[in-house]
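Protein chains in written order, with my numbering: chain Z, 122 to 336; chain H, 122 to 336; chain P, 122 to 336; chain V, 122 to 336; chain S, 122 to 336; chain X, 122 to 336; chain E, 122 to 336; chain G, 122 to 336.
Number of protein chains: 8
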Amino acid sequence: YRTGYPEAILAEGKTPEDVVEIVRVHLEHTGRVIVTRVSDIHYEKIHESFNSQYIEWSPKSRSTVINDGTPVKKTGGVVGVISAGTADIGVAEEACIVAREMGCDVVSAYDVGVAGIHRLYPEISKFRDREVNAVVVAAGREGTLPAVVSGLIDVPVIGVPVSTGYGAGGKGEAALLSMLQSCSIIGVVNIDAGFVAGALAARIANMVAESKKNS
Amino acid sequence: YRTGYPEAILAEGKTPEDVVEIVRVHLEHTGRVIVTRVSDIHYEKIHESFNSQYIEWSPKSRSTVINDGTPVKKTGGVVGVISAGTADIGVAEEACIVAREMGCDVVSAYDVGVAGIHRLYPEISKFRDREVNAVVVAAGREGTLPAVVSGLIDVPVIGVPVSTGYGAGGKGEAALLSMLQSCSIIGVVNIDAGFVAGALAARIANMVAESKKNS
Amino acid sequence: YRTGYPEAILAEGKTPEDVVEIVRVHLEHTGRVIVTRVSDIHYEKIHESFNSQYIEWSPKSRSTVINDGTPVKKTGGVVGVISAGTADIGVAEEACIVAREMGCDVVSAYDVGVAGIHRLYPEISKFRDREVNAVVVAAGREGTLPAVVSGLIDVPVIGVPVSTGYGAGGKGEAALLSMLQSCSIIGVVNIDAGFVAGALAARIANMVAESKKNS
Amino acid sequence: YRTGYPEAILAEGKTPEDVVEIVRVHLEHTGRVIVTRVSDIHYEKIHESFNSQYIEWSPKSRSTVINDGTPVKKTGGVVGVISAGTADIGVAEEACIVAREMGCDVVSAYDVGVAGIHRLYPEISKFRDREVNAVVVAAGREGTLPAVVSGLIDVPVIGVPVSTGYGAGGKGEAALLSMLQSCSIIGVVNIDAGFVAGALAARIANMVAESKKNS
Amino acid sequence: YRTGYPEAILAEGKTPEDVVEIVRVHLEHTGRVIVTRVSDIHYEKIHESFNSQYIEWSPKSRSTVINDGTPVKKTGGVVGVISAGTADIGVAEEACIVAREMGCDVVSAYDVGVAGIHRLYPEISKFRDREVNAVVVAAGREGTLPAVVSGLIDVPVIGVPVSTGYGAGGKGEAALLSMLQSCSIIGVVNIDAGFVAGALAARIANMVAESKKNS
Amino acid sequence: YRTGYPEAILAEGKTPEDVVEIVRVHLEHTGRVIVTRVSDIHYEKIHESFNSQYIEWSPKSRSTVINDGTPVKKTGGVVGVISAGTADIGVAEEACIVAREMGCDVVSAYDVGVAGIHRLYPEISKFRDREVNAVVVAAGREGTLPAVVSGLIDVPVIGVPVSTGYGAGGKGEAALLSMLQSCSIIGVVNIDAGFVAGALAARIANMVAESKKNS
Amino acid sequence: YRTGYPEAILAEGKTPEDVVEIVRVHLEHTGRVIVTRVSDIHYEKIHESFNSQYIEWSPKSRSTVINDGTPVKKTGGVVGVISAGTADIGVAEEACIVAREMGCDVVSAYDVGVAGIHRLYPEISKFRDREVNAVVVAAGREGTLPAVVSGLIDVPVIGVPVSTGYGAGGKGEAALLSMLQSCSIIGVVNIDAGFVAGALAARIANMVAESKKNS
Amino acid sequence: YRTGYPEAILAEGKTPEDVVEIVRVHLEHTGRVIVTRVSDIHYEKIHESFNSQYIEWSPKSRSTVINDGTPVKKTGGVVGVISAGTADIGVAEEACIVAREMGCDVVSAYDVGVAGIHRLYPEISKFRDREVNAVVVAAGREGTLPAVVSGLIDVPVIGVPVSTGYGAGGKGEAALLSMLQSCSIIGVVNIDAGFVAGALAARIANMVAESKKNS
Ligand SMILES: Nc1ncnc2c1ncn2[C@@H]1O[C@H](COP(=O)(O)O)[C@@H](O)[C@H]1O
Ligand SMILES: Nc1ncnc2c1ncn2[C@@H]1O[C@H](COP(=O)(O)O)[C@@H](O)[C@H]1O
Ligand SMILES: Nc1ncnc2c1ncn2[C@@H]1O[C@H](COP(=O)(O)O)[C@@H](O)[C@H]1O
Ligand SMILES: Nc1ncnc2c1ncn2[C@@H]1O[C@H](COP(=O)(O)O)[C@@H](O)[C@H]1O
Ligand SMILES: [Mg+2]
Ligand SMILES: [Mg+2]
Ligand SMILES: [Mg+2]
Ligand SMILES: [Mg+2]
Ligand SMILES: [Mg+2]
Ligand SMILES: [Mg+2]
Ligand SMILES: [Mg+2]
Ligand SMILES: [Mg+2]
């Protein structure tokens, strides 16, 4: 049980039966549960087992949120999520889902690659206007977008390397190393770990929101 | 120039002359500058070049802060810094220094290894009492301390893998991978990058402090 | 032929025909044989070839024990087997099977992840009550459970890294390095090598049982 | 504090002052302490700080045991330690020291390389005669000796890869992988981790000795 | 065109059409051609395209020799080929095929693993009796068989690491590094490169045979 | 002998005597020779052996050009050389030297890191004004500068990863992978291979200059 | 948007729907667009969506060029493309396509492996006769062809490592490292990155062509 | 004890005292012994301990042969040894020494890099004239020379990768992988393992010589 983080299940490596059973246990506990890295076979089993009205499905990130009617309680935290390319959207979506489950509003901006840095400025402006408290940046290949974003906005940036690309370092290693070596200040999570990035960003955002209320 | 972060110079790979000159430029700009990964030869040159009254030296982290009398402006942010073993203190100190330069109060707890988890609880209590807004955890070898801390306190945790250890994965790679694979939610920075961890934690803490004031 | 260890065949990389033939040879020799890493095609062939009454099948570990009626001789050794997550159960089961074939009683505890360390204590108590002589711990991702267990019980601990997880170090490498770098005392075996871990633990347990009898 | 294992300090990465201070704390606690991976500078400081009568120094393993007159309590456990080549003796010695500190008798056999397997048989006989309960095997380069030993004696074998060798895999990686891939049953520890191997073997031996007494 | 070596085609990575066309060109040139790493689709196409009477197929090594009636000219060279385990036979067969195409007699011995070294001695005797001029040894996992063979027979030994095994170093890397680090004198070829090993051994054997004739 | 490239000697790994002798041979041939990666001991020997008037020394790149009075023939080619940070200057200088020896004019711009992209624009303008025909970009750590430059100027860009940095990927691997994975079009050379980058850029520039003349 | 380079889409990692939509946007912009690494499912969708008269398909490289009738404008640049083996043709074709889209004439020479260096000379002559301005060399396995070509012709050579081969370094890593370590002067691009190599070569060729016209 | 191979000691990793003692044991046995990878401190101790008249020292390879007056018995075998660059001579010399100790005549050709392939032909002719029975080729950086030689002469070729070079793959890994991936038939040994290469080549040569005599 993780402090301040939502219930979540990594489906990969588990049988569909196991997944469904763990979902049930968590639902009873908390009323809502996220399942990530869901294969078609997992998804089918989930659909058989739960009322489809209570299943939210994100096909690009292959994640689902299952609930028993319990709504998410809004915290006032605001999280920004950017992805560099079309192929990075799935990982970005995973971050969005967990941030929303943690009560945050999410402002997203997809396909804002470094190649077209001009496409980036209006999105950063939107982030500033919406007063985001933390930004998740998903980027594959050379993974430079998080460093660029960190130089343009003064809230904490969390970089997620994405396993798109081919050849040497093409399964996310180039992006991971590039983020770790960056001259900019960024927190890094595992390759494709949109979930972790989203949760960390939402944790930051919720702390800010809380401190606003408490003061 | 990075948003909200202090001026800093990585001495390694630069000549002493280059370092001193870059320090001068930064001092004129901002009145205070951090130099990290300082060799003996670098340090000597710095001592010759600046008034020793304005040089703060941290021997364990081999970092120095040089100023022209300009004080740090306190923000109200509070950062916690923990290190797992005696050999990790240098990296932890680097994090402390940058956090202080960013105006935060720093609460530190060294030598709180996983082996003696009982040594950990009182330190976490201290962190809670002092209302830290983010925690940096430096850990070498198997690098599990950040995950443990993340499970005990509900503020964002930043893990720094440390290059202590020997054998397979002993130069920080085991700790890095372990943090990236962690089931707990932690932001990770490069091996030995106390500077980056401290700056990210301070950034979070300052945001919280600011939002408290503004509300 | 290995001293004190049961006959075993690694099916992977062999044709079904080869596997069945090697099983036959071993059966004649010893009356019982373990087959590990069995694909569906291997399994089918085995089923055609032997009396199903003499085939024990463990679907999670994809292992089978085939015998000709010869029973296992009990030694009095007791082995504990723990797995960190649901996805590690298959590897843990492999360890259980070989330990039982070596005459040990097996006490198992699945899904006792580090995340929920409170779930661990009662299992360790059970191990102490049952007087286990050695413990196998299967853990994927960051692989920290063996170190924790080693700190809680004073019998030898054998860690098995498991190839669950994704991203950097996600195919068991993070867990392997983490176990090798551990400050706790653990013996390590190859990634997913439940077979080796179970055999080593049973070897230890049988030695203890024997020394009890002989004294 | 680890269950059933002696106090030990890894000097590498610590200042001589830190090492001496930690030694003092441990001495007060338990009367005896091991220090491993001791540099010349560490050793000098230790010599200045403690009565040389209470310092045992093993130059090949660069380890030292410091005590305050408290003797080791004999357990009746017996550990065998073999090294493949002359260059592996240091690591083997580290294993001997910790096993002795844990109360075991140690039977050692150095320079019993695979190249001259005939040199191995009499040593194995000696191990059998002395009724060793576990064997540590230190081996560099291709690291095959542990597998050979495991095939000749029916007690648990712990392999320690040693960082002798040059070229591809020459810093112990070839030996490590070779031991992990072995068809024989061996528990493996980190490259050069004589300390861990000796402690694990002694743990096994002490359990056997105890069970003999208790029965 | 390679000096003294037979025509050979690596099918992998080529279209079936390309393979068949290259075969035709070579056949016209030399009357015989080897094709290795042949997929089912490649094989079908080959069968359609050439008279099946002139196609020799080795299913375990997935190699084929196609000829136009031209026979192999015997040289008098003799090559020994050993494989460690059942899963290594395919690679060993590849070596046999090329050696035969180069005019050598081949003496083979499969399934002579290190685990059962007693199974090895009679085979080595056979090799001596048959006066083999070079020995190819195929071995996966820890790859120690070539070193053992090199210590038992005084002809050149060529080791082929095989990609059987799982976990760390399990795709042939452990075997490759182990052979490169071996204290015995062995020539090494790429993982699974039975073709190269067989050709090199045959080259040696043919040289010896020739020198016998010429003297 | 390489088409259109100057004589050059890599001193590293050669004795000072060997270097001096090779220099002499080349001088007789072509009148000018470059020596790269020159240690202090190499340099001393060179100074003893040749007239210092004919030795040009670049301390940052540790390269020297030795000549016998033969001047470089100007080609009209123009090469731009940029380095990201102070620590990358040595590698950049190596590129400058070889380009000049190949008859090009060199326009250089050091310390133009990505962090301060505003420092980059005027340098690019200068490159455009000077009509450079190719640009070498030396960058360590995350190595993103070449991609940025490639997006700002329409001449071929050659990226040189530099081995500054620390931690994971810090010896130039992060920069190398980042350049290989870049979405921008850049040619890459080995880590620290300023020599190769400069020669390739000069080759391009000379071709352009030549085609201008010939048309 | 990249300076002087054509619009191109990497299909891999994108849904067919995304690919088609991005194609449409680019077509409107520039009239022509390249799509690389196209799976069967991508291709089908493209065929449904665009007039087949405007789709050029290269099955070996799995690339397609889609246009709206807008022709390519010829620049006068000439690019040579060589591939070492049959399996490298796909990558070479990718280079050809982009060079043609950039307005260059392409002279190609496939299957000119190092093994048969005699097959190489006439092709190099052809390149000289056709006055190519840059040469792309695609080579798998040991990847030595680019170095050989660089020694035979005095225009810039761009090497593309190809992921054909098996065993150690067989997915292009051996070729990549070999090209980076080459004593010859070659620019290198990522494994299988025919697109990047072709674009860089065409950029060089166009510059030469332009300078010819402008002078 | 190795079949048909001379006594040899790897000094690296052993104390000077250990080396001298092992030399003595071997001398008594066989009258001659090789010591490789000898540091200055080792060498001094050897010089003190043995009659300098019986010490042969090869400074480039840092090897020494010590004897007690016993001469080498000539076998009639002939070995060729080539090195690519000046920096590879040390490794080549190591091969020469062991081949001579095994009774072979050695024909050597240094500095015959691929860059200057014209320098290679006369050496190959010399090898043919002298009727060498096997060739050792030492090559660093991209390591292509062995493949080239294998294509020019019809005796077995043994490649030794050398750890000269810098950057990615620069410590011999590029050369090793390149040789393993080679399309030519070569036997490979470990990086810098001149000893192994020389011994294998001499083994082949001696077999040929013997077969000449016996026929
Ligand atoms: N120890 C450190 N680790 C990581 N980054 C650092 C460190 N010290 C300084 N930096 C940052 O690295 C950037 C590049 O440093 P420099 O090479 O000095 O321009 C600077 O902007 C610093 O903020
Ligand atoms: N899953 C497994 N992991 C490791 N070793 C195994 C496994 N299954 C069987 N073995 C051992 O591997 C050795 C070689 O197997 P085989 O290739 O079947 O001869 C056998 O002696 C088995 O004891
Ligand atoms: N050579 C060694 N190898 C592995 N672990 C060691 C070694 N020496 C001491 N240790 C253990 O490492 C743990 C952490 O060491 P320390 O950093 O001294 O607190 C201690 O609990 C020791 O038991
Ligand atoms: N710093 C360098 N990096 C890469 N190649 C170099 C360097 N310096 C010289 N070279 C080239 O390396 C080749 C081999 O050098 P050498 O070993 O001196 O024969 C020469 O032809 C040089 O052109
Ligand atoms: Mg990106
Ligand atoms: Mg730690
Ligand atoms: Mg785990
Ligand atoms: Mg060994
Ligand atoms: Mg094997
Ligand atoms: Mg940079
Ligand atoms: Mg090739
Ligand atoms: Mg070379």
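Positions of the beta carbon are idealized from the N, C-alpha and C atoms, including for glycine.
Predicted, not measured: the structure shown is a model, and the values here were computed from it.
Query	Result
If we call anything under 8 Å between Cβ atoms a contact, is H/A220 one with H/G319?	yes
Between which residues of its own chain and G/L273 is the CB-CB distance below 6 Å, once the five residues before and five after are set aside?	I245
State the start and end residues of the unbroken alpha helix (DSSP H) segment that holds E/S173.	Segment: none, E/S173 is in no alpha helix (DSSP H) and carries neither H nor E.
Use the C-beta contact count for P/N327: other C-beta atoms within 10 angstroms, 16 or more gives buried, fewer gives exposed.	buried
When the Cα of G/S179 is compared with those of G/I218, G/V281, G/E128, G/I203, which residue comes out closest?	G/I218
How would you list, in chain order, the residues of chain E whose beta-carbon sits under 9 Å from the beta-carbon of G/E262?	The residue you asked about is not Glu; residue 262 of chain G is Arg in the sequence shown. By Cβ distance, chain E contributes S299, Q302, S303, C304.
Going by other Cβ atoms of all chains shown within 10 Å of its Cβ, with 16 needed for buried, is G/S160 buried or exposed?	exposed
Can you give, in chain order, each stretch of the beta strand (DSSP E) that sits fully within the segment 205-258 of chain P and has at least 3 residues?	226-230
Taking C-beta pairs closer than 8 Å, name the residues in chain G that X/G293 reaches, listed in chain order.	G288, A289
Which first and last residues belong to the beta strand (DSSP E) in which P/V186 is found?	184-188
Determine the chain P residues that contact H/A213 at a beta-carbon separation under 8 Å, and present them in chain order.	Residues of chain P passing the Cβ test: none, with the nearest at roughly 17 Å.
Does the beta-carbon of X/T185 have 16 or more other beta-carbons within 10 angstroms, so that it is buried, or is it exposed?	buried
Measure from the C-beta of G/A208 to each C-beta in chain X and report whether the shortest distance is under 8 Å.	yes
Does the segment 300-312 of chain E come into contact with the segment 257-268 of chain E, if we say contact requires no fewer than three beta-carbon pairs (one atom in each stretch) closer than 8 Å?	yes
DSSP three-state call for S/L273: helix, strand or coil?	coil
From X/K195, X/L298, X/A323, pick the residue whose C-alpha is nearest to that of X/V253; which is it?	X/A323
Do E/Y175 and E/I167 count as a contact pair if the criterion is CB distance below 8 Å?	no
Looking at the structure shown, is X/T151 part of a helix, part of a strand, or coil, going by DSSP?	helix
Less than 8 Å separating the beta-carbons of P/D313 and P/V283?	yes
Apart from the five residues just before and just after G/L321, which ones in its own chain have a Cβ nearer than 6 Å to its Cβ?	I279
Applying the 10 Å Cβ sphere with the 16-neighbour rule, what's the burial state of H/T157?	buried
For chain V, is any of its Cβ atoms less than 8 Å away from the one on S/A314?	no
Measuring alpha carbon to alpha carbon, tell me which of V/N335, V/R262, V/V199, V/E128 ends up nearest V/R249.	V/V199
In whole angstroms, what separates the C-alpha of S/H150 from that of S/M223?	16 Å
Given G/E133, which residues of its chain have a CB within under 7 Å of its CB, disregarding the five upstream and five downstream residues?	R158
Tell me S/L321's beta-bridge partners as DSSP assigns them.	Answer is none; S/L321 lacks a bridge partner.
Under a three-way DSSP split, which group does Z/V281 fall into?	strand
Check the Cβ of S/D139 against every Cβ in chain E and list those closer than 8 Å, keeping chain order.	T207
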